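In what follows, a structure is listed as structure tokens, so that the remarks can point back to it.
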Amino acid sequence: MFGLSELAIILIIVIAVLAAKKLPELARSAGKSARILKAEARAMKEQETPAGEQAAAPRVVQGETITPTAQDSARRQ
1 MFGLSELAII
11 LIIVIAVLAA
21 KKLPELARSA
31 GKSARILKAE
41 ARAMKEQETP
51 AGEQAAAPRV
61 VQGETITPTA
71 QDSARRQ
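Take the sequence shown: its position 22, counting from 1, is numbered 22 in the working numbering, and each next residue is one higher.
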């Protein structure tokens, strides 16, 4: 009766009719996500070093050392 392509078209039309109020918001968030992804990919590409150069020194993050207590070791068992 109906093929896969006809069902897909009907589904798209139903979604467009029922979610017409939300479509602009969804398109905006998809655009923002695409821009963020593109910027992150560009940053990762810039961060890579060429084969002949040394990599930058590792970044040190300050934190505090927490020693395990007797209760912590009892919970793990």
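Even glycine gets a Cβ: it sits at the ideal position worked out from N, Cα and C.
All of these numbers come straight from a predicted model, not from anything done at the bench.
Check                                                       : Outcome
Spatial distance of Ile36 from Gln47 (CA atoms)             : 16 Å
Simplified DSSP assignment, three categories, for Glu6      : helix
Coil, strand or helix - Val17 by DSSP                       : helix
Separation of Arg28 from Lys21, as counted between CA atoms : 13 Å
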